[in-house]
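If you use UniProt numbering, the sequence shown corresponds to residues 1 to 69, in order.
For glycine and all other residues, C-beta sits at the position ideal for the given N, C-alpha and C.
See below for the structure under consideration.
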Amino acid sequence: MSILYDMVDELSANIRHEVIALATDPETLDALKEKTELAYRRQRLKKKLEQLQKASEELAVFKKTGAHV
């Protein structure tokens, strides 16, 4: 059983080391920053698209009925 605990401890240490290495790597940090910026832009564009779709629907109703929605 002790061997199993030792293996788990060693794996945990290795994983911890890799996570720290990735978290402090400038290339990794730049990639995460870029992904975050892209996600933010995507969210903004999605919101604008929804606004355009709503405006388009309202315009279609206005053209049909001549009344504002």
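Item: In whole angstroms, give me the CA-to-CA distance for T36 and V61.; Value: 38 angstroms
Item: Give the straight-line distance between the Cα atoms of V19 and R42, rounded to the nearest whole angstrom.; Value: 28 angstroms
Item: Give the range of the alpha helix (DSSP H) segment to which D6 is assigned.; Value: S2 to T24
Item: Taking just the CA atoms, how far does A23 sit from D6?; Value: 26 angstroms
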